[in-house]
Amino acid sequence: MLKFALKNLKTKLTRTILASIAVILCTTIALISFNTANQVQDGVISTAGFYDTIVGPEGSPLQLALSSMFYVENPLGTISYEHYENLKNNPSVKEVYPIASGDSYHGARIIGTVPEYLERYQLKSGRMFSEPGEAVLGYNVARSGVLQIGDEFVGVHGLAESGHVHADFKYSVAGGLAKTGTAADNVIYTPIESVWLVHGGHDHEGEAHDDEHEHEDGKITGDIVSIIIKTESLAAHTRLVAEYKKIPGIQAVNPASVLRELLGNLTMGRDILYVLAAIIVFMSAVVIYVTTASFVEDSKKDILVMRLVGIKRKTILSLFVLQTLFISAFSIVISFIISCVALFVINRFTAQSFGLVIDGAKHYPGEFLILLAVFLIIVVSALISIIPAYRHDPLEEK
Amino acid sequence: MIGITNLKKSFDGERVLDISDINFENGISYIIFGPSGCGKSTLLNIIAGVIPSNSGQIIVDGLDISGLSPVKRDEYRLNSVGYVFQDFRLLDGMTVEDNLRLLELELRLKLDIDQTLDALGILSKKKKKITTLSVGEKQRVAIARALIKEPAVLLADEPTGNLNSKLAKEIMSLTAGYAKKLGIPVIVVSHDYGMREYFDMSVEMSELNGVNRQC
Numbered sequence: 168m169l170k171f172a173l174k175n176l177k178t179k180l181t182r183t184i185l186a187s188i189a190v191i192l193c194t195t196i197a198l199i200s201f202n203t204a205n206q207v208q209d210g211v212i213s214t215a216g217f218y219d220t221i222v223g224p225e226g227s228p229l230q231l232a233l234s235s236m237f238y239v240e241n242p243l244g245t246i247s248y249e250h251y252e253n254l255k256n257n258p259s260v261k262e263v264y265p266i267a268s269g270d271s272y273h274g275a276r277i278i279g280t281v282p283e284y285l286e287r288y289q290l291k292s293g294r295m296f297s298e299p300g301e302a303v304l305g306y307n308v309a310r311s312g313v314l315q316i317g318d319e320f321v322g323v324h325g326l327a328e329s330g331h332v333h334a335d336f337k338y339s340v341a342g343g344l345a346k347t348g349t350a351a352d353n354v355i356y357t358p359i360e361s362v363w364l365v366h367g368g369h370d371h372e373g374e375a376h377d378d379e380h381e382h383e384d385g386k387i388t389g390d391i392v393s394i395i396i397k398t399e400s401l402a403a404h405t406r407l408v409a410e411y412k413k414i415p416g417i418q419a420v421n422p423a424s425v426l427r428e429l430l431g432n433l434t435m436g437r438d439i440l441y442v443l444a445a446i447i448v449f450m451s452a453v454v455i456y457v458t459t460a461s462f463v464e465d466s467k468k469d470i471l472v473m474r475l476v477g478i479k480r481k482t483i484l485s486l487f488v489l490q491t492l493f494i495s496a497f498s499i500v501i502s503f504i505i506s507c508v509a510l511f512v513i514n515r516f517t518a519q520s521f522g523l524v525i526d527g528a529k530h531y532p533g534e535f536l537i538l539l540a541v542f543l544i545i546v547v548s549a550l551i552s553i554i555p556a557y558r559h560d561p562l563e564e565k
Numbered sequence: 014m015i016g017i018t019n020l021k022k023s024f025d026g027e028r029v030l031d032i033s034d035i036n037f038e039n040g041i042s043y044i045i046f047g048p049s050g051c052g053k054s055t056l057l058n059i060i061a062g063v064i065p066s067n068s069g070q071i072i073v074d075g076l077d078i079s080g081l082s083p084v085k086r087d088e089y090r091l092n093s094v095g096y097v098f099q100d101f102r103l104l105d106g107m108t109v110e111d112n113l114r115l116l117e118l119e120l121r122l123k124l125d126i127d128q129t130l131d132a133l134g135i136l137s138k139k140k141k142k143i144t145t146l147s148v149g150e151k152q153r154v155a156i157a158r159a160l161i162k163e164p165a166v167l168l169a170d171e172p173t174g175n176l177n178s179k180l181a182k183e184i185m186s187l188t189a190g191y192a193k194k195l196g197i198p199v200i201v202v203s204h205d206y207g208m209r210e211y212f213d214m215s216v217e218m219s220e221l222n223g224v225n226r227q228c
């Protein structure tokens, strides 16, 4: 019967293709909306939730958090490296890492820090950087293939590829990180000293970066854009924030509370997307109802022929249901594949613009519920349009 | 064999058919003549189980079809009746083969498709779409579909209405010949008296139908 059902669909190919396209469009949009809303939310929470304090120059706390944790937005300016050294000796501080930045390579920011900052990530290839000039690639940067282990490259000031080229300082790739699903996948890490060395010999007026380095007893030092901290306790965090309030030109913020406003907006956006997804799924039901109804209407002559030959009404109903099931299953599979591909494409945009990684292979149970809902709605819509034709026997008109 | 007694049929209260008694024997071909509106097609539709009678008895191959439920009539039509229509009633978007394989939906494909088509001289058209066939070829496909289930009775309602004279004679001769070949009754209704010579027996609808109409 399946073979015959497929042949019957083939005779109404245009209508079949249009119905499939309608379902695929509706389902794909619903899947992408749901997935991206969840991945953005998860990405913000997982990145911002790991550390409780960021110390940096005065200015927008959100800009400080976004530039330090998601590597988007320009840094607010620089602060002295001394703050980091002081915090290292603070007993209420569990973990503390300096962040320096200013350059990029092929759109990927070059972040200066200490090797310990990357300890929570796994290496996929090569080794961790150990000397100034060495670099470790984030997962997406390594996967893009622009750099291989052992390659040498020079950074460009800022994010634009047409920026000033720091040709006098060459980086060499020591290793690559495994996938983290965070903004770390999109950047290149290097020892903080690399950043100081790059910016030692010249000045970029009006651009914030840590460009003053000194050589005191052979030790390279300079400024940093922020310090990322994990304190021992909430009380320690509160004390730290209070202490930095007293220091002019510097601030300590809690990234989670700073990002709360952003998350609030995202949650509202997510709710809107859920409503949108529901409307789209409903629309697909209407499309299928109309398509199946007109399909049945178009097939009235064929139904009469089948009935005259002796094909049972039950068999004809099964034939139409089977056709609907085929269109549904086909459209759902294609929608899922397209949504995966679309997520990879969306990742290119969100990774560069927001520092958020959208994983095309990451899926939520809710997506499968959407697919199931679409499938059931299609079948019910089709049945609603088929059953009147089933009840009304064309032979009774004869 | 078909035996009909006291068959009555009305539409919207108007009696259109009243046949007291007639038998159609196996191996005999019948042609029923009469102008349009005399109840010829209604009689065929009742024998075919397409519509029920209001009263009377119709025994086909030992089965009384007059009291069958719609579902049982479907089964009877599928299993016992080969019906050829004037307007062919084929699935136009499908191929010749698909039109025959339609019966596979009810597991009722008894004869070999190639042999059946070959016997009707249209084997080369097996993969062709119905819309690409000539009217003569379409009528042969309709006959093939009626025969391939090995019916207990072969009925044809004005099977040559759309054909030219030469082709009409060819089709009539072919259809009538199945009575002897298959040992079943073949009943054809027509208004073309020139086709009488191809059939074993002819029946005048005006003599058969007791309803006083303009036949």
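These protein sequence lines are chains F and E, in that order.
Convert by adding 167 to the 1-based position in the first sequence; the result is the number in our numbering.
Convert by adding 13 to the 1-based position in the second sequence; the result is the number in our numbering.
Backbone N, C-alpha and C fix where the C-beta goes; we use that ideal spot for every residue, glycine too.
Partners in chain F for residue i, counting only beta-carbon separations shorter than 8 Å
i	result
E/G96	With the sequence shown as reference, residue 96 of chain E is identified as Tyr, and Gly is not the correct amino acid for it. The contacting residues are L475 and V476.
E/D111	F171 and K174
E/L103	V472
N- and C-terminal bounds of the alpha helix (DSSP H) containing residue i
i	result
F/M295	No alpha helix (DSSP H) contains F/M295, which DSSP labels as neither H nor E.
E/G190	S178 to L195
F/F171	L169 to T178
E/T55	K53 to A61
F/K468	K467 to V476
F/A309	Y306 to S311
E/P83	P83 to S93
F/L570	The requested residue 570 of chain F does not occur in the structure, where chain F is confined to residues 168 to 565.
Run of the beta strand (DSSP E) containing residue i, from where it starts to where it stops
i	result
E/I72	S68 to V73
E/Y27	Sequence check: residue 27 of chain E is Glu here, not Tyr. Unbroken beta strand (DSSP E) run through E/E27: E27 to F37.
F/Q418	I417 to V420
F/K261	V260 to Y272
E/G16	I15 to F24
E/R102	Taken as a continuous stretch (DSSP letters only), E/R102 belongs to no beta strand (DSSP E), as it is neither H nor E.
F/D219	That residue, F/D219, is in no beta strand (DSSP E); it is neither H nor E in DSSP.
F/R276	A275 to T280
Amino acids of chain E, ordered along the chain, whose beta-carbon sits closer than 7 Å to that of residue i
i	result
F/T482	L118 and E119
Straight-line gap, residue i to residue j (C-alpha atoms, nearest Å)
i	j	result
E/T188	F/K174	30 Å
F/D352	F/A345	8 Å
F/S466	F/T178	10 Å
E/N67	E/K22	5 Å
E/G235	F/I212	Here chain E has residues from 14 to 228 only, and residue 235 of chain E is not among them.
F/E379	F/V281	Bear in mind that the predicted position of F/E379 carries a pLDDT of just 49, short of 50, making it unreliable; the figure below should be weighed with that in mind. Looking at the two C-alpha atoms, the distance is approximately 18 Å.
F/S451	F/N202	19 Å
F/P551	E/K193	As written in the sequence, residue 551 of chain F is Ile, which differs from the Pro given in the question. Whole-angstrom Cα-Cα distance: 49 Å.
F/T349	F/L538	27 Å
F/L440	F/L192	15 Å
F/R558	F/V207	49 Å
E/F212	F/V457	51 Å
F/I188	F/S495	11 Å
F/V263	F/Y288	16 Å
F/S461	F/D526	40 Å
Proximal residues of chain F, C-beta to C-beta of residue i below 7 Å
i	result
E/D107	Asp is not the amino acid found at residue 107 of chain E; the sequence shown has Met there. Under the 7 Å cutoff, chain F gives K174 and T178.
Partners in chain F for residue i, counting only beta-carbon separations shorter than 9 Å
i	result
E/R158	V476
E/V148	None at all; the shortest Cβ gap to chain F is about 17 Å.
E/L115	F171, V472, M473, V476 and I478
Per-residue contacts from residue i into chain E (C-beta, under 9 Å)
i	result
F/K479	V84, D87, E88, L91, L118 and E119
### Message
Beta carbons nearer than 9 Å to chain E: which residues of the stretch 443-474 of chain F have them?
### Response
K468, D469, L471, V472, M473 and R474
### Query
Of the residues that make up the stretch 486-502 of chain F, which ones have a beta carbon closer than 9 Å to any beta carbon in chain E?
L486
### Task
Evaluate the contact criterion for the stretch 308-316 of chain F versus the stretch 251-259 of chain F: three or more CB pairs, one atom per stretch, below 8 Å.
No, the stretch 308-316 of chain F is not in contact with the stretch 251-259 of chain F.
### Message
Using 8 Å as the cut-off, can you tell me whether the stretch 490-505 of chain F makes contact with the stretch 122-132 of chain E, which would need three or more C-beta pairs spanning the two stretches below that distance?
### Response
no
### Task
Answer yes if the stretch 259-273 of chain F comes into contact with the stretch 484-494 of chain F, meaning at least three C-beta pairs across the two stretches below 8 Å, and no otherwise.
no
### Task
Examine the Cβ distances between the stretch 534-548 of chain F and the stretch 229-238 of chain F and report whether three or more of them are shorter than 8 Å.
Short answer: they don't touch.
### Message
Count Cβ pairs between the stretch 507-514 of chain F and the stretch 25-40 of chain E that sit closer than 8 Å; are there 3 or more?
### Response
no
### Query
Any chance the stretch 100-118 of chain E sits against the stretch 42-57 of chain E, with 3 or more Cβ pairs inside 8 Å?
no
### Query
How about the stretch 146-154 of chain E and the stretch 116-128 of chain E: do they share at least three Cβ pairs that are nearer than 8 Å?
no
### Message
Tell me whether the stretch 443-457 of chain F and the stretch 66-80 of chain E touch, counting them as touching only if at least three CB pairs, one residue from each stretch, are closer than 8 Å.
### Response
With a cut-off of 8 Å, the stretch 66-80 of chain E and the stretch 443-457 of chain F do not count as touching, because too few Cβ pairs lie within range.
### Query
On the three-pair Cβ rule with 8 Å, is the stretch 168-178 of chain E touching the stretch 56-67 of chain E?
yes
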